[in-house]
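Top to bottom, those sequences are chains A and B.
Under our numbering, the very last position in the first sequence is 327; numbers go up by exactly one each time.
Under our numbering, the very last position in the second sequence is 366; numbers go up by exactly one each time.
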Amino acid sequence: MPQPLLSVKNLISEFDTDEGRVRAVDDVSFDLAAGETLGIVGESGCGKSVTALSIMRLLPQPMGQIVGGEILLEGEDLIQASLSRMGKIRGNTISMVFQEPMTALNPVHTIGRQITEVPYLHKDISKDEATRQAMEVLDRVGIPSPDMRMGEYPHQLSGGMRQRVVIAIALACKPSILIADEPTTALDVTIQAQILELIKELQNEMGMAVILITHDLGVIAETSDSVVVMYAGRVAEQGTVYDIFDNPSHPYTRGLLSSIPRLDSILKSVLPIIEGMVPGLLDLPKGCRFENRCPYRKDSCAESIPGIESISQSHIVSCFHWRDIESGQVGK
Amino acid sequence: MSENPILEVRDLKMHFPVKEGIFMRTGKYNKAVDGVSLKIKPGETLGLVGESGCGKSTLGRCITRLYNPTAGQIRFEGKDITHIRGRELHPYRQNIQMIFQDPMESLNSRHTVGDILQEPFIIHKICDKASRQKRVVELLEIVGLPARSVTRYPFEFSGGQRQRIGIARAIALNPRLIICDEPVSALDVSIQSQILNLLIELQKEFNLSYLFIAHDLAVVKHISDRIAIMYLGKLVGEGEGETIYQNAKHPYTQSLISAIPIPNPHHEVKRQVLSGDVPSPIDPPSGCSFHPRCPRVMDECKVKTPKLIPLKEHAEQDVACLLYT
């Protein structure tokens, strides 16, 4: 097997809060191959954004810390990398697109300046050349008359246009990995379709790998090759998109997939639900994180954290009872 | 079909003045709602779908009379409530309630849940303190919250629970119609279905009518008997949920439906990606306001404004598009 482009191994990230130290990401591992799209799905507070920020080494300082694990970019551990080395990687090899384009853009600088900065800092080129490249990438993400837009400020653009600018900034140096953290959540469906289409096109064109973080299972099904399902800081299940949607094995994944209203569901029928709510990071269950909401719960689930078990070569799950659930031996 | 509608809106307009220049003169108007007509029957859910800025929330707020409409008519149970004021409005405020998107903003953070839920009874002078308190506990039980919640404050609850408090407040006075403005879009996926189930259950139990405003089409389809699609202050299509999803005729509705990501990796994506953004309602395009983005635009679309009329061959849906006139 070839070496993966990015390999996250047993990542643990913690935050200091007023109420104590919380572990937002706990033992998360996954590989990303070149050109692949990896979807990370989970509800708010499950640690999906913290995972992304850890890879970028952008955890808020001084509260956020990576306390364990490895993040290997082509064999180089980013956790050990110096700040200046990270500065070279960010925006050049790994780029990030954030959820809310208005806060990701600097309101007091023109669009042009914010994009030009990227190639100018990373490549040994003149300002004019950087401006030319910036215009090219603006044009590529579908912004009409880029030469005019270069002189405008973020507030003069619509939400969809702003997200295109953020993508343009991320792509200015043709990175090999793009991390998109809820890139379309703040946008309307028709604009979401435009942006997802754009990311896919650019991915095919540049051959970059994408980590797509979202809570929308529809977006995951449509765009991802492989999927990581996270719950309360841990990986619940991981596999190819077909493994996850055709053969969900973790009770949480099963619950999530059956609870979403679908276009072909019966009008006003009762939706299956996951009882209760996501536990707070300060009072996590001792054993399996999903234990207090799980319909298949046994007493032993509360005692220890389930390890990772392989279902197939591509499909892993973190549940004591996945075999029994699958064979129907334990019911609701 | 002969049943009288509980709510009837005719050609409703809500134009907000836009103040410009140093003298703050009104130059232009933001035509947030520009000629909308709709009907809701008792016990029925009308889903209202559209992109941000299309005026769907404004329409909801006009119906609850949080705004005073510029023109048109709102009839509730046959009576015109478009321009009534003050004391006259009281009985309608009881009958038409609202559930908001963000339950943190719509609940007063300095009041306990008990205070919040008693307030409707106090304002409408409905019952004495003892029966009020009893009723509050009943309400909490109906929405699935423990009775001890009365002494607690909104911040002590999760998003889903806060939305339950919002729902309890909305049903406190036994309303006939509830305007649900994006009631689940701020919630996590696993909580959304809990709230949807609750809304459906309450509707059956109390024969409530809903105007369900949302941008998530799968959610709207699940809960709505009929669906209306709004674009730039106007309705472009209306019909039964199933008809709209299977056989929508308006090009905008078609692209809106094709843009929904389907949670099934085997589903083949056949998408009609719309170019461009929603234009500003201050300066809408001439003719059909969808024409600059429409994949099937014709010359006459730029000058003629289509009306919402029943489709000839498909009586079960209304469409505002010149392709079908």
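Idealized CB from N, CA, C, for every residue including glycine.
These figures come from a predicted structure and were not determined experimentally.
Would you mind working out which of the options sits nearest residue i, comparing C-alpha positions?
| i | options | result |
| --- | --- | --- |
| ARG338(A) | GLU232(A), GLU124(A), GLU31(A) | Any answer about residue 338(A) is impossible in this case: the structure gives chain A only from -4 up to 327. |
| VAL161(A) | VAL136(A), THR235(A), GLY15(A) | VAL136(A) |
| LYS118(A) | PRO139(A), SER295(A), ASN87(A), ILE50(A) | ASN87(A) |
| THR86(B) | PRO46(B), VAL77(B), ASP121(B), GLU92(B) | PRO46(B) |
| ILE268(A) | PRO216(B), PHE247(B), GLY201(B) | GLY201(B) |
| ILE89(A) | ALA175(A), LEU252(A), SER44(A) | ALA175(A) |
| GLY282(A) | SER171(A), GLU298(A), MET156(A), ASP319(A) | GLU298(A) |
| ILE183(B) | GLU44(B), LEU243(B), ARG193(B), ASN136(B) | LEU243(B) |
| THR32(A) | LEU207(A), LEU166(A), ASP183(A), ASN287(A) | LEU207(A) |
| LEU277(A) | LEU1(A), VAL20(A), ASN5(A) | VAL20(A) |
| VAL214(A) | HIS307(B), GLN287(B), LEU186(B) | HIS307(B) |
| ILE164(B) | PHE141(B), GLU146(B), LEU130(B), SER190(B) | LEU130(B) |
| THR50(A) | ILE66(A), VAL62(A), PRO114(A) | Strictly speaking, residue 50(A) in this sequence is Ile, with Thr absent from that position. Out of ILE66(A), VAL62(A), PRO114(A), ILE66(A) has the C-alpha closest to the C-alpha of ILE50(A). |
| ALA29(A) | ASP294(A), MET143(A), SER313(A), LEU68(A) | LEU68(A) |
Tell me which residue opens and which closes the beta strand (DSSP E) that residue i is part of.
| i | result |
| --- | --- |
| GLY86(B) | Residue identity check: residue 86(B) is Thr in the sequence provided, not Gly. 86 to 90 is the extent of the beta strand (DSSP E) around THR86(B). |
| TYR226(A) | 221 to 226 |
| ASP176(A) | 172 to 176 |
| SER90(A) | 89 to 92 |
| ARG267(B) | 267 to 272 |
Taking the DSSP output, what are the residues bridged to residue i?
| i | result |
| --- | --- |
| THR32(A) | VAL205(A) |
| GLU61(B) | ARG66(B) |
| SER250(B) | LEU218(B) |
| TYR353(A) | Here chain A covers residues -4 to 327 and nothing more, so residue 353(A) does not appear. |
| SER2(A) | ASP26(A), LEU67(A) |
| ARG51(B) | GLN114(B) |
| TYR286(B) | DSSP, once it has assigned bridges, lists no residue as partnering TYR286(B). |
| ASN71(B) | PHE57(B) |
Closest Cβ-Cβ distance between residue i and chain A: below 8 Å?
| i | result |
| --- | --- |
| ALA361(B) | no |
| GLY119(B) | no |
| PHE194(B) | Here residue 194(B) turns out to be Tyr, not Phe, going by the sequence shown. With 8 Å as the cut-off, TYR194(B) does not count as an interface residue toward chain A. |
| MET42(B) | For MET42(B), the predicted structure reports a pLDDT of 47, less than 50, and the residue's modelled location is therefore unreliable. A value from the coordinates is still provided. No, MET42(B) does not count as interfacial toward chain A. |
| ARG312(B) | yes |
| LEU243(B) | no |
| VAL59(B) | no |
| VAL260(B) | yes |
| PRO306(B) | yes |
| PRO292(B) | no |
| ILE232(B) | yes |
| TYR286(B) | yes |
| ASN408(B) | Outside the displayed range of chain B (42 to 366) lies residue 408(B), so it cannot be described from this structure. |
Assign residue i to one of two classes, buried (16 or more other C-beta atoms within 10 Å of its C-beta) or exposed (fewer than that).
| i | result |
| --- | --- |
| VAL344(B) | exposed |
| ASN101(A) | exposed |
| ASN238(B) | buried |
| MET58(A) | exposed |
| SER77(A) | exposed |
| PRO139(A) | exposed |
| THR111(A) | buried |
| PRO351(B) | exposed |
| GLY94(B) | buried |
| PRO161(B) | buried |
| HIS291(B) | buried |
| GLN109(A) | buried |
| GLY191(B) | Residue identity check: residue 191(B) is Val in the sequence provided, not Gly. Flag for VAL191(B) reads buried. |
| ALA171(B) | exposed |
| LEU158(B) | buried |
| ALA188(B) | exposed |
Determine whether the Cβ of residue i lies closer than 8 Å to any Cβ atom of chain B.
| i | result |
| --- | --- |
| TYR291(A) | no |
| MET225(A) | no |
| LYS327(A) | Confidence at LYS327(A) is low in this model, with a pLDDT of 46, below 50, so the placement of that residue should be treated as unreliable; the coordinate-derived value is given next. No, no contact with chain B. |
| GLN189(A) | yes |
| ALA297(A) | no |
| PHE93(A) | no |
| ASP134(A) | no |
| ILE138(A) | no |
Which residue comes first and which comes last in the alpha helix (DSSP H) that contains residue i?
| i | result |
| --- | --- |
| GLN233(A) | Here GLN233(A) belongs to no alpha helix (DSSP H); instead the beta strand (DSSP E) covers 229 to 235. |
| GLN358(B) | From DSSP, GLN358(B) is part of no alpha helix (DSSP H) but of the beta strand (DSSP E) over 358 to 360. |
| SER44(A) | 43 to 51 |
| LYS83(A) | 78 to 84 |
| ALA129(A) | 122 to 135 |
| GLU279(B) | From DSSP, GLU279(B) is part of no alpha helix (DSSP H) but of the beta strand (DSSP E) over 275 to 281. |
| GLN159(B) | 154 to 164 |
| ARG134(B) | 127 to 136 |
| TYR247(A) | 246 to 254 |
At least one CB of chain E closer than 8 Å to the CB of residue i: is that the case?
| i | result |
| --- | --- |
| ILE264(B) | No chain E appears in this structure, whose protein chains are A and B. |
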